[in-house]
Amino acid sequence: MRITESDLYASGLPNCWAGGYEALRQSHDLDRAVRHTTASLNAMPAGYRWGTATALRLFPAAFYAATHRRVQLATAEEAREGLARLRTLPGFSELLRATTALALYGALDGRPAGIVPAKEAVR
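If you count by this note's numbering, then the sequence shown holds residues 1 to 123, one letter each, in order.
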């Protein structure tokens, strides 16, 4: 299973990044962040990708439960508040910490060069 840029945009997470971080408010910076994050997530072992893909699919529902607002319609302030609430939940806190760091690196550096996908464990 591959995580696509469309999957990431559909989760609404880039909208939250743009609301929460000045460095990600410009569309070209956000696009670079999404490309970098997607490429990095796809370099993870399959089990981690499955878990991340599942969390991304659940993110809109979790955001709505935390804010009573659809993530795609959230204002910058609502996005920041929603992220703050979700950072208190096990699982989502790790997802948000990792993807936000990747997004910020991506906005600064663009697509990661020479990513080598992790090898699957051999049993």
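For glycine and all other residues, C-beta sits at the position ideal for the given N, C-alpha and C.
Same chain only: Cβ atoms within 7 Å of Thr-99, ignoring 5 sequence neighbours per side: Here residue 99 corresponds to residue number 99 of the sequence shown, with the count starting at 1. Leu-13 and Thr-37.
Tell me whether Thr-88 is buried or exposed, calling it buried when 16 or more other Cβ atoms sit within 10 Å of its Cβ. Translated into positions along the sequence shown, residue 88 becomes position 88. Classification for Thr-88: exposed.
Can the beta-carbon of Ala-55 be found less than 9 Å from the beta-carbon of Leu-95? Against the sequence shown, residue 55 aligns to sequence position 55. Against the sequence shown, residue 95 aligns to sequence position 95. By the CB criterion at 9 Å, Ala-55 and Leu-95 fall inside the cutoff.
Does the Cβ-Cβ distance between Ala-18 and Leu-30 come in under 9 Å? As a working mapping, residue 18 is identified with position 18 in the sequence shown. As a working mapping, residue 30 is identified with position 30 in the sequence shown. Judged by beta-carbon spacing, Leu-30 lies within the 9 Å limit of Ala-18, meaning their Cβ atoms are closer than that value.
So, is Tyr-48 buried or exposed, given that buried needs 16 or more other C-beta atoms within 10 angstroms? The residue you call residue 48 lines up with position 48 of the sequence shown. By the neighbour-count criterion, in which 16 or more other beta carbons inside 10 Å mark a residue as buried, Tyr-48 falls on the exposed side.
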